Amino acid sequence: MKATLQFTIIAFLVPYVSSAEFFVGYEAQTRVTDHAAIDIDQQKIDLMLALGRLENVKKIYEQGGNSQSIARVNIIDSNIDVNTVAIPSGTEVVGKSVLGNQVYGTLLLGLGPNDDEALIQYPPKTMESNRNCQVGGLVSMDLEMTDGCFADSGELRVLDSDIHFEYSYNSQFDNFNGRTIQRFSLFAEEEMAACGKNCPYNDFAKFVNYYGEYDYADKWIQAAFFEKSTSFDRGNIDFSEVGKKALEPAVQIATKFMNIWMYTIRMMESALDTCEVPCNDDGCKYDAVHNWDQAVAFHAGSLQDEGILLYAFADVMCRTFRSCGIDGSMRVGTSFANNKAIHHFKLGQSYILQKDCKNARISKEEIVKAMTIPLIQATLFTAYAEGRDSGKLSSGDQATKKVRAASFAASVLPIVHHCSEGDASIIYENLGIENGDDVHKEIDFPAVKEAFERNYQCMGVTCKGVGGIWEDGAYAKHAAPCQYEPVDETARSGILFGHFLAILLMPLAILGSVVAMRASRKRRTLKAAEENRQTVTGILDDIGLEDVQLDGEQQDTPSLPSIA
């Protein structure tokens, strides 16, 4: 007898979080741990780069392994009634793992009686839990984990119903990942240019205008993999003569500070798009804050302040530039950039919960300015270090340093170009690698620094926020902070008062929205099928960092890595 269609839809793909998830002091209101796990892909990439295994790096970059794990199973038989409406996406199913334990998943697509394949997403784990089904691009390098994957054959049943189906698949090859670092760039045109009334997104448009390609980040990385030149409108690089070792920073810097960096901004923009939709359904507000939470997850990663993404990197850069602390005057603690970014992430979340999209956008703009600071700092320091060490290195090490400087410059040149084409050209002429001979050219560091500084006001950063290169108890020659301080628009009393009100009202806004979202969740069918598609030292060592002994007031602070 065929089973009747009685099932439970479990919203764990984009659920309200009943127990808070914290990211570097930010409390997410939705579950985004699976999104944050993209940094584990980056961690594996860093490992393979350190081992010189570019072919493995390419597989992880393109196929993933740790974020949004999905099983593709073949259906052999089922007891779904042919007269029954298809089981909808978002329905939870349960089966046995490779080790014989229970494994849960949700259908990504609806399932009917005549379907012979099902896509099932594994549930996201908490930050503290082990992730036991990690396959994707990891399988060919013995880094995969299949203990928590569905067994190669067996029975899956719909939770709280008598519907079941027999299946088979290969746990080594039929578990894949819907979220990869490459995807952030490959789908950029669709998700950041041709995506609605606010598209192309302003920040993304600067990069497209400069490079002339929507998937500029992927094209940069693929050129490194294949040791060839890019063919951008501007900012080209020739990897054909730099040597294998020099390709490592090119890939690593691009994956972190081009792919993931821009996708973080994309999620904030998506949150604002949803916020602006005229909708009385609390689900709309929920979707907006979920997208905003995702941005924080991609900014900090699951490893957070001991991580390898922009948040951790900014805190290391501030120690080299004496720009830590709330006012950017310290050499220890949280960077000025991160203090500002997290402050506005919190404000933005509260504004979205209050449906105050205008002020949420102001917070987004301030976050992007803060996210730009470590990119400027890294470009300045690598330019300074390359010039400082010129003539002291082997040709291979010289090429690696040159590519590192060029790669950091590539992450921020489009922003400078938007402000001044001439100053962007000065930076590129010093740091770019148009041919093999460019790895030997001298860098005019003062000219590079001044080209940046002339555009700080336009870029929305300050001399103090960026700081200067601090070495041996003083600022390095030609590397002190500039003196000009543009007005910080967010310090105006009206906006500060608005921020004060937002913080004051935040608990009430969150409480009210959470109650409403809980109620809404019970009656909403998931539309998430589509959406679901090593320490700080470790990162920095991988991109050529050396230990710097902090001096004077920081004698009891441990030795920190410096980009050199």
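For the sequence shown, the residue numbers in mature numbering (1 follows the signal peptide of the UniProt record, and there is no 0) are -19 to -1, 1 to 545.
Each residue gets a CB set at the ideal place from its N, CA and C atoms; glycine is no exception.
As the structure is a computational prediction, the values presented were derived from the model and not from experiment.
Which one or two residues does DSSP pair with residue i in a beta bridge?
i: serine 210; result: Asp219
i: asparagine 183; result: None; asparagine 183 has no bridge partner.
i: histidine 145; result: Arg138
i: leucine 76; result: A small fix is needed here, since residue 76 is glycine in this sequence, not leucine. Beta-bridge pairing links glycine 76 to Val84.
i: aspartate 58; result: Glu147
i: alanine 9; result: Glu2
i: glutamate 452; result: Ala455
i: isoleucine 51; result: Gln102, Phe157
Classify residue i: buried if its beta carbon has 16 or more other beta carbons within 10 angstroms, exposed otherwise.
i: isoleucine 307; result: exposed
i: leucine 57; result: Correcting the residue identity first, residue 57 is isoleucine in this sequence and not leucine. Answer is exposed; the Cβ neighbour count stays below 16.
i: lysine 503; result: Its pLDDT being 38, under 50, lysine 503 is placed unreliably in this model, and the value from its coordinates should be taken loosely. Exposed: under 16 other Cβ atoms inside 10 Å.
i: alanine 460; result: buried
i: phenylalanine 3; result: exposed
i: asparagine 95; result: exposed
i: glutamate 229; result: buried
i: aspartate 268; result: buried
i: aspartate 254; result: buried
i: alanine 455; result: exposed
i: valine 223; result: buried
i: valine 420; result: buried
i: glutamate 98; result: exposed
i: phenylalanine 188; result: buried
i: leucine 80; result: exposed
Out of the options, point me to the one whose CA is closest to residue i's CA.
i: lysine 77; options: Gly193, Leu137, Ser70, Val313; result: Leu137
i: aspartate 133; options: Gly45, Ser149, His145, Asp141; result: Ser149
i: histidine 280; options: Ser304, Thr353, Leu32; result: Thr353
i: arginine 385; options: Ile234, Ser212, Gly264; result: Ile234
i: isoleucine 414; options: Lys445, Gln379, Glu434, Gly446; result: Gln379
i: arginine 433; options: Glu423, Gly449, Ile408; result: According to the sequence as given, residue 433 is phenylalanine; it is not arginine. The option with the nearest alpha carbon to phenylalanine 433 is Ile408.
i: residue 570; options: Ser304, Tyr42, Phe146, Pro105; result: As displayed, the chain neither begins before -19 nor continues past 545, which places residue 570 out of reach and without an answer.
i: proline 69; options: Val75, Gly91, Trp201; result: Gly91
i: alanine 351; options: Asn340, Gly377, Lys445; result: Lys445
i: proline 105; options: Arg160, Ala174, Val420; result: Arg160
i: arginine 247; options: Met440, Arg164, Pro230, Glu43; result: Arg164
i: glutamine 203; options: Glu36, Asn320, Leu100; result: Glu36
i: serine 212; options: Glu222, Gly6, Trp201; result: Trp201
i: serine 152; options: Val54, Gln438, Glu43, Asn340; result: Val54
i: asparagine 179; options: Val397, Ser251, Ile396; result: Ser251
i: phenylalanine 131; options: Val75, Phe168, Gly117; result: Val75
i: residue 628; options: Ile41, Gly93, Val447; result: In the structure displayed, the chain extends from -19 to 545; residue 628 sits before or after that span and is not available.
i: leucine 140; options: Leu88, Lys187, Gly193; result: Leu88
i: isoleucine 41; options: Gly117, Ser166, Val5; result: Gly117
i: arginine 300; options: Ala169, Gly314, Leu290, Leu291; result: Gly314
Can you give me the start and stop residues for the alpha helix (DSSP H) that residue i sits inside?
i: valine 349; result: 338 to 369
i: glutamate 402; result: 402 to 412
i: phenylalanine 326; result: 317 to 334
i: phenylalanine 165; result: 162 to 167
i: glutamate 98; result: No alpha helix (DSSP H) holds glutamate 98; the beta strand (DSSP E) holding it covers 98 to 102.
i: residue 546; result: Not covered by the structure: residue 546. The range shown for the chain is -19 to 545.
i: proline 427; result: 426 to 434
i: threonine 14; result: 14 to 17
i: valine 277; result: 263 to 281
i: residue 546; result: Nothing about residue 546 can be reported from this structure: the residues present for the chain run from -19 to 545 only.
i: serine 464; result: The sequence as given places glutamine at residue 464; serine does not occur at that position. Per DSSP, glutamine 464 belongs to no alpha helix (DSSP H) and is neither H nor E.
Within this structure, are the beta carbons of residue i and residue j separated by less than 8 Å?
i: residue 623; j: aspartate 20; result: Lying outside -19 to 545, the shown extent of the chain, residue 623 is not represented and no answer is given.
i: valine 84; j: glycine 33; result: no
i: valine 277; j: alanine 9; result: yes
i: glycine 71; j: phenylalanine 302; result: no
i: serine 392; j: phenylalanine 294; result: no
i: residue 599; j: threonine 14; result: Shown here, the chain extends from -19 to 545; a query on residue 599 therefore has no answer.
i: leucine 119; j: lysine 39; result: no
i: isoleucine 241; j: isoleucine 357; result: no
i: asparagine 158; j: glutamine 23; result: no
i: cysteine 114; j: methionine 122; result: no
i: leucine 334; j: lysine 266; result: yes
i: lysine 327; j: glutamate 347; result: no
i: phenylalanine 185; j: methionine 243; result: yes
i: alanine 31; j: glycine 86; result: no
i: histidine 398; j: tyrosine 191; result: yes
i: serine 388; j: asparagine 436; result: no
i: histidine 325; j: serine 344; result: yes
i: glycine 45; j: aspartate 219; result: no
i: alanine 366; j: lysine 382; result: yes
What residue range does the beta strand (DSSP E) around residue i cover?
i: lysine 85; result: It is tyrosine, not lysine, that sits at residue 85 in the sequence shown. 83 to 88 is the extent of the beta strand (DSSP E) around tyrosine 85.
i: asparagine 37; result: Where asparagine 37 is concerned, there is no enclosing beta strand (DSSP E), although the alpha helix (DSSP H) it sits in stretches over 35 to 44.
i: leucine 157; result: The amino acid occupying residue 157 in the given sequence is phenylalanine; leucine does not appear at that position. Element bounds for phenylalanine 157: 156 to 158.
Looking at residue i and the ligand FMN, is the gap between the Cβ and the nearest heavy atom below 7 Å?
i: leucine 291; result: Although the ligand FMN was asked about, the structure shown includes no ligands whatsoever.
For chain B, find out if any of its Cβ atoms is closer than 8 Å to the Cβ of residue i; answer yes or no.
i: arginine 215; result: Absence of chain B from the displayed structure is noted, only one protein chain being present.
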